[in-house]
Amino acid sequence: MAAAAEESALQIQRHVKYWKRCHTSYLPAPYLSADSIRLTLACFIVSSLDILNAPITAEERQSIRKWVLSLQHPDGGFCGSSTHAHDGHQASKGTANLAATYFALVLLALAAGDDEQEQARAFDQVKRKKLLLWLKKLQSEDGTFGQVLWDGAPAGGNDVRHGYIAAGIRWMLRGDVEQGSPAWVQDFDVDRLREAVRRAQTYDGGIGESSYQHESHGGYTYCGVSALALLDRPNNLDEMHNDGLEAKVRDASGLLKFLSMRQFSYLSEQEIEDDGESENYIETEMQNMSLEEESPFVGFNGRWNKKADTCYAWWNGGSLSILDRLSVVKAEPSRRYLLDITQHIIGGFSKNAGGPPDVQHSYFGLAALSILHDSSVKELDVMLCCAMDTTRKIVKARDGLIASESASAGAWDDGFWDQKK
């Protein structure tokens with residue numbers, strides 16, 4: 002087994018250099034197939050620089066804002082990239098999608114500077130009412146959400162990830178608007194979404210794709226837990242609480258057991274001896290799965306019998322943080338795993354030992370370090386997966402947009418026709 006370093010540390014300058022290279026130059030060839038999720042990649046890049054306290058310039062912020070708004074769909078929502086928003090295309094067949102819309106809103110907040118008036122205008126030009134009505138149409142009868150609209154109906158799957166994104170968009174835009182107000186928009190069915198998440202909990206306590214018949218997974222579990230938390234999250238950050246969240250799942254003790262058992266002692270010999278044919282699966286003796294004795298490195302997996310993976314330190318740790326049960330995590334060995342095993346020499350994080358860094362795992366590595374209380378990075382909003390500073394901007398942007406809508410509404414601009422579309 003590899004020995005733990007005497008002092009594990011985040012190589013901040015290398016990470017900043019890695020993310021700035023991602024921001025200012027072309028991503029490597031393997032990302033070509035990810036063109037449709039360009040907004041997601043952009044959000045990870047800009048948010049990482051924010052988490053590392055490496056601000057972008059005013060010119061860069063303006064450029065980001067202009068680009069994001071260029072991807073806004075005329076009927077509500079945002080497209081994942083310019084290839085999904087052709088000139089003059091009114092896109093009645095679902096080119097706007099949930100994930101792109103979520104990351105577009107976060108990016109607009111990230112693109113706002115420190116000036117409070119600029120933050121209050123961060124969502125200016127966002128078609129809030131159309132977006133929220135589009136969001137409502139994406140909900141299916143069983144409470145789940147599709148990813149896109151196709152011929153007016155939800156399409157693109159119905160798993161719990163979409164429910165989480167929908168809950169996040171709702172929190173970022175809806176606000177405390179009373180019916181009858183010019184800014185009021187009909188809500189989606191919150192109770193049906195809650196029940197859909199509850200149905201997705203499986204026999205072992207984890208949450209699966211969309212029903213108890215699917216295999217439980219650390220990523221789906223985070224999405225389910227976060228969705229439930231966001232649906233009840235106060236719009237005022239000063240009133241935040243998670244009281245009673247465990248009562249909203251069918252099996253709270255099973256959920257905590259599933260999450261806590263995703264961590265295990267990391268043995269470098271397992272990585273070295275693997276012949277590569279078993280992909281992510283590990284075969285290990287039972288005593289090596291024990292956490293009773295202190296291990297120098299603790300990794301997390303997403304499913305039973307899988308290898309340790311950087312991102313699952315976030316998915317599982319984030320769930321436990323929201324549930325206020327992060328104390329079950331072996332914090333220091335988990336931190337050492339990230340910093341000594343998957344932190345890459347050029348900056349960023351790899352998926353697992355020996356791999357190259359990539360945008361997704363590099364972002365979630367930083368996010369995991371934040372919830373493990375590493376002082377090198379900013380405090381994270383665990384529900385939205387961005388810095389708390391960014392969430393505060395989102396609140397100001399939402400309130401500013403609602404105030405603007407309310408002030409501009411007149412006798413012939415009361416939102417009536419938008420509601421009918």
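Count along the sequence shown starting at 1, add 1, and that's the number in our numbering. No residue lacks a Cβ here, since even glycine has one placed at the ideal position from N, Cα and C.
C-beta atoms of residue i and residue j nearer than 8 Å
i	j	result
Trp305	Gly219	no
Gly114	Arg62	yes
Val383	Pro334	no
Cys387	Val107	yes
Ile347	Arg15	yes
Val19	Pro358	It is worth fixing the name first, because residue 19 is Tyr in this sequence and not Val. Contact: yes.
Phe79	Thr102	yes
Leu11	Ser266	no
Ile403	Gly169	no
Cys312	Phe259	no
Leu40	Phe104	yes
Outcome for residue i when other beta-carbon atoms lying within 10 angstroms are tallied against a minimum of 16
i	result
Gly349	buried
Gln344	buried
Asp51	buried
Ala43	buried
Glu406	buried
Gly181	exposed
Asp76	buried
His362	buried
First and last residue of the uninterrupted alpha helix (DSSP H) at residue i
i	result
Phe365	Val360 to Ile372
Ser407	Met389 to Ser409
Leu99	Leu99 to Leu111
Leu133	Arg129 to Lys138
Ala197	Val191 to Arg200
Alpha-carbon spacing of residue i relative to residue j, whole angstroms
i	j	result
Met262	Glu240	32 Å
Asp425	Gln118	One cannot answer for residue 425 here, as it falls past the ends of the chain, which runs 2 to 422.
Gly401	Leu324	31 Å
Ser320	Ala408	39 Å
Met2	Phe189	Its pLDDT being 41, under 50, Met2 is placed unreliably by the model, and the measurement read from it follows with that caveat. Rounded to whole angstroms, Met2 to Phe189 spans 52 Å at the Cα level.
Ala167	Ala184	19 Å
Glu216	His163	17 Å
Leu72	Ser83	6 Å
Ile13	Leu53	7 Å
Glu274	Ala30	Note on Glu274: pLDDT 48, under 50, position unreliable in the model; the coordinate value appears next. Approximately 30 Å between the Cα atoms of the pair.
Leu133	Leu99	11 Å
Ser227	Ser212	17 Å
Beta strand (DSSP E) segment containing residue i, residue limits
i	result
Ala154	Ala154 to Ala156
Gln12	Careful: Gln12 lies outside any beta strand (DSSP E) and carries neither H nor E.
Ser301	First, the residue type needs correcting, since residue 301 is Phe and not Ser in the sequence shown. Looking at the DSSP string, the run of the beta strand (DSSP E) that includes Phe301 is Val299 to Phe301.
Leu150	Val149 to Trp151
Residue ranges of each beta strand (DSSP E) run of no fewer than 3 residues wholly in the segment 38-74, ordered along the chain?
Within the segment 38-74, complete beta strand (DSSP E) segments of at least 3 residues are not found at all.
What alpha helix (DSSP H) runs, 4 residues minimum, are completely inside the segment 310-341?
The segment 310-341 contains these whole alpha helix (DSSP H) runs: 311-323 and 332-337.
Of all the alpha helix (DSSP H) runs that stay within the bounds of the segment 203-269, which reach a length of 4 or more residues?
Taking only runs of at least 4 residues, the alpha helix (DSSP H) segments lying wholly in the segment 203-269 are 219-232 and 253-261.
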